[in-house]
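Structure first, commentary second.
Number of protein chains: 4
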Amino acid sequence: MHGYSQNSDDILARLRRIEGQIRGLQRMIEEDRYCIDVLTQISSATKSLQSVATGMLDDHVRHCVRDAIGQGESAADEKVDEALEVIHRLIKR
Amino acid sequence: MHGYSQNSDDILARLRRIEGQIRGLQRMIEEDRYCIDVLTQISSATKSLQSVATGMLDDHVRHCVRDAIGQGESAADEKVDEALEVIHRLIKR
Amino acid sequence: MHGYSQNSDDILARLRRIEGQIRGLQRMIEEDRYCIDVLTQISSATKSLQSVATGMLDDHVRHCVRDAIGQGESAADEKVDEALEVIHRLIKR
Amino acid sequence: MHGYSQNSDDILARLRRIEGQIRGLQRMIEEDRYCIDVLTQISSATKSLQSVATGMLDDHVRHCVRDAIGQGESAADEKVDEALEVIHRLIKR
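Residue numbers (our numbering), protein chains in the order written: chain A, 502 to 594; chain B, 502 to 594; chain C, 502 to 594; chain D, 502 to 594.
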């Protein structure tokens, strides 16, 4: 069981929508659509992905990281470190 | 003809790879994989998308915007404005 | 004369405000203020800086880059390239 | 005592350096320096600020948030929520 397990249907639905956006982008390129319209669509897909990421991060910190700390697990240090590492990556892009 | 027309095969190949990453993400959720591994993969897909975006932006500025300005087109103002608008969106995310 | 010359008073005023925010941050650290309040203030100063950057970028593209292209200057290539390079840096942070 | 208390000298030194960068930026504007050089300097100051922010965030999560959770404090929920909120702000810029 992971932090996101309760929300996995919602996450899957969002990822399928993003897959649709990426396929839509391929069609736009094949139809030689205007650059700015393609860029607007890429920007929208990126935002959707980012939103899935922050949602999962929240679940992860609220459940996995928190549980590890609460149980004084020796793994708590490692869990905090790997969460911070992924947060840095999201901040720096 | 658009700024990216010469590179459309390369862009399509990259978008197909990103579509594969998104489908891989769906599988990871279905298999209940560890949050941090999913987040690492999302971060990688986001970076790939961002890289397609900056590549297209470069083509657009180097060709479409530049041509409009060089030909003194009355549309040059509008072209510069819409390029800056999309750049702001990419900067702010 | 640069793209921002007309706005330099406004830019200076904004930079002085940002300098004030940075000094405010030093006081917060000296007074051992709560981390989250410090982080909120850093986030606000970063946003102010980013906003000066996008304003100057707009002036630069609208004037310097555009003029170079319009006059068919041999330097136009270089001007477009260096603008795109700085845009990439702003996007990637 | 806060998460960053041990590092406050280092943080202060970095903030003073950033204050120097902001004053350097004001001089650049007064001397009408080239836009791209100013933007490069802004980009560098932003990166320095961002780096202070992620350092403080790490200290905060490793100490304040972790302590609250470990002690089963009723305030732990609130601490996790406010940390995630500031993380979202840093991610979205």
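Yeah, the Cβ is synthetic: ideal placement off N, Cα and C, and Gly gets one too. Predicted model, so just to flag it, every value in this text is computed and none were measured.
I'd like to know whether the C-beta of residue i is nearer than 8 angstroms to at least one C-beta of chain D.
| i | result |
| --- | --- |
| Met555 (chain A) | The residue asked about is misnamed: residue 555 (chain A) is Thr in this sequence, not Met. Answer yes: the Cβ-Cβ gap between Thr555 (chain A) and chain D drops below 8 angstroms somewhere. |
| Val539 (chain C) | yes |
| His589 (chain A) | yes |
| Ile570 (chain C) | no |
| Ala546 (chain C) | yes |
Is residue i near residue j, with beta carbons less than 8 angstroms apart?
| i | j | result |
| --- | --- | --- |
| Ile537 (chain D) | Glu583 (chain C) | yes |
| Thr555 (chain C) | Gln551 (chain D) | no |
DSSP state of residue i, grouped into three classes?
| i | result |
| --- | --- |
| Ala569 (chain D) | helix |
| Ala576 (chain A) | coil |
| Arg534 (chain A) | coil |
| Gly556 (chain C) | helix |
| His503 (chain A) | coil |
Give the C-beta separation of residue i and residue j to the nearest angstrom, bearing in mind that I take them to be a contact with Cβ-Cβ under 8 angstroms.
| i | j | result |
| --- | --- | --- |
| Gln542 (chain D) | Gly521 (chain D) | Rounded, the Cβ-Cβ distance is 11 angstroms, inconsistent with contact. |
| Ser549 (chain B) | Ile519 (chain B) | 5 angstroms |
| Val581 (chain C) | Val562 (chain B) | 6 angstroms |
| Ile530 (chain B) | Leu516 (chain A) | 7 angstroms |
| Gly504 (chain D) | His589 (chain D) | With 8 angstroms as the limit, Gly504 (chain D) and His589 (chain D) do not qualify as a contact, their Cβ atoms being about 19 angstroms apart. |
Taking the C-alpha atoms as reference points, what is the distance between residue i and residue j?
| i | j | result |
| --- | --- | --- |
| Leu558 (chain C) | Asp511 (chain D) | 32 angstroms |
| Asp533 (chain A) | Tyr535 (chain B) | 39 angstroms |
| Arg528 (chain C) | Ser506 (chain B) | 54 angstroms |
| Ile523 (chain C) | Gly571 (chain C) | 40 angstroms |
| Glu579 (chain A) | Lys593 (chain C) | 28 angstroms |
| Asp568 (chain D) | Val587 (chain D) | 18 angstroms |
| Asn508 (chain A) | Leu513 (chain B) | 32 angstroms |
| Ala576 (chain B) | Ala576 (chain D) | 58 angstroms |
| Val566 (chain C) | Asp560 (chain D) | 43 angstroms |
| Leu585 (chain B) | Val553 (chain B) | 17 angstroms |
Taking only beta-carbon positions, decide if residue i is within less than 8 angstroms of chain C.
| i | result |
| --- | --- |
| Arg567 (chain B) | yes |
| Val581 (chain B) | yes |
| Glu532 (chain D) | no |
| Leu585 (chain B) | yes |
| Gly525 (chain B) | no |
Is the shortest distance between the beta-carbon of residue i and the beta-carbons of chain A less than 8 angstroms?
| i | result |
| --- | --- |
| Val562 (chain D) | yes |
| Ile592 (chain D) | yes |
| Gly504 (chain D) | no |
| Glu520 (chain B) | yes |
Would residue i count as contacting chain B if we go by Cβ distances under 8 angstroms?
| i | result |
| --- | --- |
| Gln507 (chain A) | no |
| Asp559 (chain C) | yes |
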